[in-house]
């Protein structure tokens, strides 16, 4: 039996549910989204995995263990045999559910320390790419959720406003800007109602596309009065939790009302 005395350990937190993360180990299309076009995986003990990196380098291995949605173990090496051939190292990936999403723990074991050291930066990069790929899919509807958030600001009916917010925001959402320090949907519903009282007819709308990175979204907005005149503009920072709901929103104003 081959022994691997040298190991590389790396942990990354992904803001998505564990079942969402694990399907990238059981679906070749998603596996390829992570590694590169043409990459495949057979999600069973003895199944073959293949990686075609964007630079054309190819890796291969065999699935040794799989326990959805918690753990996968596979061998790993390079088709060219350099620096190690297929089967010459072992990778274990474990997924732990946590409040913020999924903690991914990777252990890559090697026969030689020099080869291990060659992989340190590679895994730092690949797990960062992995986190982005997973959260891009998990939050594919983020633009629509942002638009619903802004619609709630113009909703005059309190019940409809609450329903809209509840569809996109966690119950204990935190909202802050230059005029707000609010916790929870119920208080936010009242807060938005007060904003309409003091700024009647004000309408908020997203301007341009959103920018998303690993569960955080930036969205520019513009506020207009009932007659269409611009009153203010700014940028909101949305933090999306593992269940796809906004956990916090922070607003930055570039022009204050009345400016």
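Numbering (this note's numbering), first residue to last: 24 to 282. Backbone N, C-alpha and C define an ideal beta-carbon position, used for all residues, glycine too.
Task: Residues sharing a beta bridge with residue 42, DSSP - done: Working through the chain shown from its first residue, we reach residue 42 at position 19. BP columns for residue 42 are empty, so no partner.
- [ ] Would you mind reading off the limits of the beta strand (DSSP E) that contains residue 273?
- [x] Start at 1 with the first residue of the chain shown, and residue 273 comes out as number 250. From DSSP, the beta strand (DSSP E) with residue 273 extends over 269-276.
Open item on the list: Can you tell me where the alpha helix (DSSP H) holding residue 206 begins and where it ends?
Closed with: Position 183 of the chain shown, counting from 1, holds the residue named residue 206. Run containing residue 206: none in the alpha helix (DSSP H); it sits in the beta strand (DSSP E), 203-206.
- [ ] Counting only runs of 3+ residues fully inside the stretch 167-205, write out the beta strand (DSSP E) ranges in chain order.
- [x] 192-200
Task: CB contact flag (residue 260, residue 157, <8 Å) - done: For this step, residue 260 is matched to residue 237 along the chain shown. For this step, residue 157 is matched to residue 134 along the chain shown. The answer is no: Cβ separation not under 8 Å.
Open item on the list: Buried or exposed, going by whether 16 or more other CB atoms sit within 10 Å of the CB of residue 78?
Closed with: Start at 1 with the first residue of the chain shown, and residue 78 comes out as number 55. Label assigned to residue 78: exposed.
- [ ] Give me the Cα-Cα distance between residue 277 and residue 151, rounded to the nearest whole angstrom.
- [x] Mapped onto the chain shown, residue 277 falls at position 254. Mapped onto the chain shown, residue 151 falls at position 128. Straight-line Cα distance between these residues: approximately 32 Å.
TODO: Go through its chain and collect everything with a Cβ distance to residue 116's Cβ below 6 Å, but skip five positions before and after it.
DONE: Numbered from 1 along the chain shown, position 93 holds the residue referred to as residue 116. For residue 116, where only same-chain residues beyond five positions count, the Cβ hits under 6 Å are 95 and 129.
Task: Residue ranges of each alpha helix (DSSP H) within the stretch 85-165, 4 or longer - done: 136-161
TODO: Identify, in the order they occur along the chain, each residue of the same chain with its Cβ nearer than 6 Å to the Cβ of residue 266, setting aside the five sequence neighbours on each side.
DONE: Locating residue 266 in the chain shown gives position 243, where the first residue counts as 1. Taken in chain order, the list of residues that qualify is empty.
Task: Residue range of the alpha helix (DSSP H) that includes residue 75 - done: Residue numbering aside, residue 75 sits at position 52 when the chain shown is read from its first letter. Looking at the DSSP string, residue 75 is not in any alpha helix (DSSP H); the run it does join, the beta strand (DSSP E), is 71-75.
Task: Every unbroken beta strand (DSSP E) inside the stretch 220-255 [3 residues or more] - done: 226-229, 234-236 and 239-247
Open item on the list: Please state whether the Cβ-Cβ distance between residue 118 and residue 41 is less than 8 Å.
Closed with: Here the question's residue 118 lines up with position 95 in the chain shown. Here the question's residue 41 lines up with position 18 in the chain shown. In contact: residue 118 and residue 41 (Cβ atoms closer than 8 Å).
Task: Segment contact flag, the stretch 219-234 with the stretch 120-127, C-beta cutoff 8 Å, min 3 pairs - done: no
Task: Cβ contact (3+ pairs, closer than 8 Å) linking the stretch 175-182 and the stretch 199-216 - done: yes
Task: Three-way DSSP call (helix, strand, coil) for residue 261 in this model - done: Within the chain shown, numbered from 1, the residue matching residue 261 stands at position 238. In the structure shown, residue 261 sits in a strand (DSSP, three-state: E or B).
Open item on the list: DSSP three-state label for residue 62, please.
Closed with: Working through the chain shown from its first residue, we reach residue 62 at position 39. It is coil, neither helix nor strand.
TODO: Run the CB neighbour count on residue 315, radius 10 Å, all protein chains shown included, and call it buried at 16 or more, exposed below.
DONE: The structure shown has nothing for residue 315, since the chain only spans 24 to 282.
Open item on the list: Using a Cβ-Cβ cutoff of less than 6 Å, which residues in the same chain neighbour residue 91 once the five nearest sequence positions on both sides are dropped?
Closed with: Taking the first residue of the chain shown as 1, we reach residue 91 at position 68. Correct list, in chain order: 45.
- [ ] Could you tell me which residues DSSP puts in a beta bridge with residue 37?
- [x] Taking the first residue of the chain shown as 1, we reach residue 37 at position 14. Paired residue(s): 125.
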